[in-house]
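Chains as they are written, first to last, in UniProt numbering: chain B, 1 to 406; chain R, 1 to 406. Glycine included, C-beta positions come from ideal geometry on N, C-alpha and C. All values derive from a computational prediction rather than experimental measurement. For reference, the structure discussed in these notes is given below.
Protein chains: 2
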Amino acid sequence: MSLIVQKFGGSSVANAERVYNVAEIVTKTYSQGNDVIVVVSAQGDTTDDLIAKASEINPGASKREMDMLLTSGEQISASLLAMAIEKLGYPVVSLLGWQAGFYTSSAYGSARIKRVMPDRIKKELDKRNIIIVTGFQGINRYNDMTTLGRGGSDTSAVAIAAVMKADLCQIFTDVEGVFTADPRKVKNARKLKYISYDEMLELATLGAQVLNNRSVEMAKKYGIQLEVLSSLTRKPGTIVKEATKVEKMLISGIAKDDDVARISIIGVPDRPGLAFKIFSKLSAKNINIDIILQSVGRNGTKDISFTVSQANLKETIDILNPYVELIGANSVVYDENVAKVSIVGAGMETHPGTAAEMFEALYEANINIQMIATSEIKISVLIDRCDADKAVIAVHNKFFSEAMDA
Amino acid sequence: MSLIVQKFGGSSVANAERVYNVAEIVTKTYSQGNDVIVVVSAQGDTTDDLIAKASEINPGASKREMDMLLTSGEQISASLLAMAIEKLGYPVVSLLGWQAGFYTSSAYGSARIKRVMPDRIKKELDKRNIIIVTGFQGINRYNDMTTLGRGGSDTSAVAIAAVMKADLCQIFTDVEGVFTADPRKVKNARKLKYISYDEMLELATLGAQVLNNRSVEMAKKYGIQLEVLSSLTRKPGTIVKEATKVEKMLISGIAKDDDVARISIIGVPDRPGLAFKIFSKLSAKNINIDIILQSVGRNGTKDISFTVSQANLKETIDILNPYVELIGANSVVYDENVAKVSIVGAGMETHPGTAAEMFEALYEANINIQMIATSEIKISVLIDRCDADKAVIAVHNKFFSEAMDA
Numbered sequence: 001m002s003l004i005v006q007k008f009g010g011s012s013v014a015n016a017e018r019v020y021n022v023a024e025i026v027t028k029t030y031s032q033g034n035d036v037i038v039v040v041s042a043q044g045d046t047t048d049d050l051i052a053k054a055s056e057i058n059p060g061a062s063k064r065e066m067d068m069l070l071t072s073g074e075q076i077s078a079s080l081l082a083m084a085i086e087k088l089g090y091p092v093v094s095l096l097g098w099q100a101g102f103y104t105s106s107a108y109g110s111a112r113i114k115r116v117m118p119d120r121i122k123k124e125l126d127k128r129n130i131i132i133v134t135g136f137q138g139i140n141r142y143n144d145m146t147t148l149g150r151g152g153s154d155t156s157a158v159a160i161a162a163v164m165k166a167d168l169c170q171i172f173t174d175v176e177g178v179f180t181a182d183p184r185k186v187k188n189a190r191k192l193k194y195i196s197y198d199e200m201l202e203l204a205t206l207g208a209q210v211l212n213n214r215s216v217e218m219a220k221k222y223g224i225q226l227e228v229l230s231s232l233t234r235k236p237g238t239i240v241k242e243a244t245k246v247e248k249m250l251i252s253g254i255a256k257d258d259d260v261a262r263i264s265i266i267g268v269p270d271r272p273g274l275a276f277k278i279f280s281k282l283s284a285k286n287i288n289i290d291i292i293l294q295s296v297g298r299n300g301t302k303d304i305s306f307t308v309s310q311a312n313l314k315e316t317i318d319i320l321n322p323y324v325e326l327i328g329a330n331s332v333v334y335d336e337n338v339a340k341v342s343i344v345g346a347g348m349e350t351h352p353g354t355a356a357e358m359f360e361a362l363y364e365a366n367i368n369i370q371m372i373a374t375s376e377i378k379i380s381v382l383i384d385r386c387d388a389d390k391a392v393i394a395v396h397n398k399f400f401s402e403a404m405d406a
Numbered sequence: 001m002s003l004i005v006q007k008f009g010g011s012s013v014a015n016a017e018r019v020y021n022v023a024e025i026v027t028k029t030y031s032q033g034n035d036v037i038v039v040v041s042a043q044g045d046t047t048d049d050l051i052a053k054a055s056e057i058n059p060g061a062s063k064r065e066m067d068m069l070l071t072s073g074e075q076i077s078a079s080l081l082a083m084a085i086e087k088l089g090y091p092v093v094s095l096l097g098w099q100a101g102f103y104t105s106s107a108y109g110s111a112r113i114k115r116v117m118p119d120r121i122k123k124e125l126d127k128r129n130i131i132i133v134t135g136f137q138g139i140n141r142y143n144d145m146t147t148l149g150r151g152g153s154d155t156s157a158v159a160i161a162a163v164m165k166a167d168l169c170q171i172f173t174d175v176e177g178v179f180t181a182d183p184r185k186v187k188n189a190r191k192l193k194y195i196s197y198d199e200m201l202e203l204a205t206l207g208a209q210v211l212n213n214r215s216v217e218m219a220k221k222y223g224i225q226l227e228v229l230s231s232l233t234r235k236p237g238t239i240v241k242e243a244t245k246v247e248k249m250l251i252s253g254i255a256k257d258d259d260v261a262r263i264s265i266i267g268v269p270d271r272p273g274l275a276f277k278i279f280s281k282l283s284a285k286n287i288n289i290d291i292i293l294q295s296v297g298r299n300g301t302k303d304i305s306f307t308v309s310q311a312n313l314k315e316t317i318d319i320l321n322p323y324v325e326l327i328g329a330n331s332v333v334y335d336e337n338v339a340k341v342s343i344v345g346a347g348m349e350t351h352p353g354t355a356a357e358m359f360e361a362l363y364e365a366n367i368n369i370q371m372i373a374t375s376e377i378k379i380s381v382l383i384d385r386c387d388a389d390k391a392v393i394a395v396h397n398k399f400f401s402e403a404m405d406a
């Protein structure tokens, strides 16, 4: 008998029919002799609908009250799923985040799980109940409802899997697994059987919206084996586990990230410490910067370029503009029409020609590279946004030709 | 400075505009220097919508999961109301039933409040916060969500008023107060300035759907002054308080109850204890019986008639049918086309002609009386349902002529 955690996203429980589909998956797993803990997101567009309701009343509502509102979404989906499982004749109980023992930090809207106290969960498992837990939420030290931020249900699932030492944590979603590229954009994208935590982490961070990256970090830390799979097709998905247990592929995936903007500070005087000062200024405001490029400008000055998310663009410009004058730089310019395309693969550590192959693919497709960033298992390039889809296909064809498919 | 509890029903917070209207009432009360605790129901049809969602998935869902589902309704309305109050610039915090300390019995779907532990409420009042509490719900000894049953938000409001020794508990609804008869049916129905707990209790029990009768019982027990008023017109409503403080009106109201069916057991042998046995049989199944009439039948037998609610009719017949044979009675017959019309008034205790006046009004309107039941402050008659509205108008005209109106 194994303990299996199954997480279902909003699209998997969007309506009564899909709730039943999930109930069938869960009860099948249970009837095979497993203990099952289910983590569920709010139905379909519920969260967006609730946000719209709040905006109509007060677009500047406090995050505390937003969390009070939004946590009702999973409460609804969890109880409906429990009812469907009751109907199929299995013992089941739904639990809210706080009932399941999810204690979080106090940061409403983006709380972090501090600890999980699974007393109630253990008690219900002892009764041989299937347990439905509301994902995405917990309780803070004031006894107030908190949410973990978008994608937080993945983290809820991995956290409970870690605390309960689950044998497997299945993340059910609307795609069949982790693909070598977005299958909606790249016809011959392939589903991976296995991927390592590190590769999955890079892909998640680089814009592949399959798994929330906090959940992958946590799975890696506690050695929880993940499986990403579809609740609709019920085929085996992609297993995410330790790199040592994974056959190292040269490239495991290609990701595209549109949510990026490039900022350049032109004519920064060539004095030590200025770049540090600029970036610590942004870091103090919780603005994440990504690819950084420093180039030689005119008259002994430097140009410093970097990327931020679209959401942070305006604030970054507002912070930098007065500062630029102070340090004697010329100006701040930005470009929103960019995209980041990345390849990720544990094999490239020991295969030095990979970057060159990627650049060759882009050159052959007549795509200009603006910036480059690399890590041990990742290469990212910044290009014109209008070239992004073409770039993904070109790079994918380079690394995943038909011959490799066999 | 007073402590005022304000309860708003579902129609008072049905949409964004009405939520704002409530926020204005609350903040006006607060800005006059009062402490304010608000108890709120789910928005408009939310509860019915959630019930429909559940029925689609599992019409036989457990009451535990129904309560888990339904408690989300007030969570949504409470947080939205808090957001509206934030927008108006006042300090506010919304609390779920369990956060506000509502501990209930374990009877999911119809739980009773066992105690209220208002630690958190006191803490928030000390911070001068307006407090929004979700009505209708609490938590049981298993730490599970419970609901108090329909109309339970009134009880939540009175309970918190009692524990906090509030100076006034205002029940905002979609009518302007307690009327001498249903103002939608009786043109010249008058709004009462005052009514006693006992009269209100009789009216609530007899079908006037202004206040939940458990809440009136509790208000009487703890001496909480209630005010029933409209959230839309903002006129003074009806004060419900101790009879000694109320000028005794002969008649304070006329109520009609359609949810009633008459059952007769024909030809019951004239042996002592048979009626007791019959009624204890029904009581064991939690079936409430109302007006009881015993008449002499043929050949030394008796006919026993009584009323039950429509919902209990079928079950009552099913229980009685085999039993009737056992005790040697003839048959069970029933009539669904009846209605109960009642007059309530503390003054009738000392005014013996009241019943005769009511019967005269019905006689003049050519309405036949099937059964009669009286208490010290109430007279109820059972009549044909098609005569019910006419009866209410006739009786109302008798007791509330223009002359009395002055």
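With a threshold of 6 Å on Cβ separation, who are the neighbours of residue i within its own chain once the five nearest residues in sequence on each side are excluded?
| i | result |
| --- | --- |
| A403(B) | Here the model assigns A403(B) a pLDDT of 43, short of 50, so the residue's position is not dependable, and the following value carries that caveat. Hits under 6 Å: none found. |
| G152(B) | F136 |
| Q225(R) | L168 and K241 |
| A329(R) | I265, G267 and V268 |
| I292(R) | F306 |
| residue 460(R) | A query on residue 460(R) cannot be resolved here, the shown segment of chain R reaching from 1 to 406 and no further. |
Under 7 Å Cβ to Cβ from residue i, same chain only, skipping five residues before and after it: list those, please.
| i | result |
| --- | --- |
| R18(R) | S12 |
| D405(B) | Any reading at D405(B) is ruled out, since the residue's pLDDT is 41, under 50, leaving its predicted position unreliable. |
| E349(R) | E376 and I377 |
| D144(R) | R64 |
| R115(B) | Y103 |
| H351(B) | L250 |
| Q99(B) | R120 |
| V296(B) | K302 |
Give a yes or no on whether the minimum CB-CB distance between residue i and chain D is below 9 Å.
| i | result |
| --- | --- |
| K87(R) | Here the protein chains are B and R, and chain D is not one of them. |
For the alpha helix (DSSP H) that contains residue i, what are its first and last residues?
| i | result |
| --- | --- |
| I319(B) | Q310 to I327 |
| L274(B) | L274 to S283 |
| E56(R) | T46 to I57 |
Please return the same chain residues whose Cβ sits closer than 8 Å to the Cβ of residue i, not counting the five positions on each side in sequence.
| i | result |
| --- | --- |
| E24(R) | L88 |
| N15(R) | Q43 and G44 |
| I369(R) | F359, L362, V381, L382 and I383 |
| A159(R) | F102, I113, V116 and M218 |
Taking DSSP as the reference, what is the three-state secondary structure of residue i?
| i | result |
| --- | --- |
| R214(R) | helix |
| L117(R) | Position check: residue 117(R) holds Met in this sequence, whereas Leu was assumed. Residue state, collapsed to three classes: coil. |
| V5(R) | strand |
| A261(B) | strand |
| L142(R) | Here residue 142(R) is Tyr; the residue named in the question, Leu, does not match the sequence. Coil. |
| D154(B) | helix |
| V186(R) | coil |
| S31(B) | helix |
| I254(B) | strand |
| D303(B) | strand |
| A14(B) | coil |
| I383(R) | strand |
| T350(B) | helix |
| I160(B) | helix |
Just curious, the beta strand (DSSP E) that residue i is in, first and last residue?
| i | result |
| --- | --- |
| V341(B) | V338 to V344 |
| F172(B) | L168 to T173 |
| D290(B) | First-last for D290(B): undefined, no H or E at that position. |
| E227(B) | L226 to S230 |
| K398(R) | Unbroken run through K398(R) is the alpha helix (DSSP H), A388 to F399; no beta strand (DSSP E). |
With a cut-off of 8 Å on the beta carbons, I'd call residue i and residue j a contact; round off their distance for me.
| i | j | result |
| --- | --- | --- |
| V39(R) | V5(R) | 7 Å |
| R234(R) | Y334(R) | Contact doesn't hold; Cβ gap of about 46 Å is too wide. |
| N140(B) | E86(R) | Contact flag wrong, Cβ pair sits at about 19 Å. |
| D154(B) | N212(B) | 4 Å |
Which runs of the alpha helix (DSSP H) spanning at least 4 residues fall entirely within the segment 60 to 111 of chain R, listed in chain order? 63 to 87
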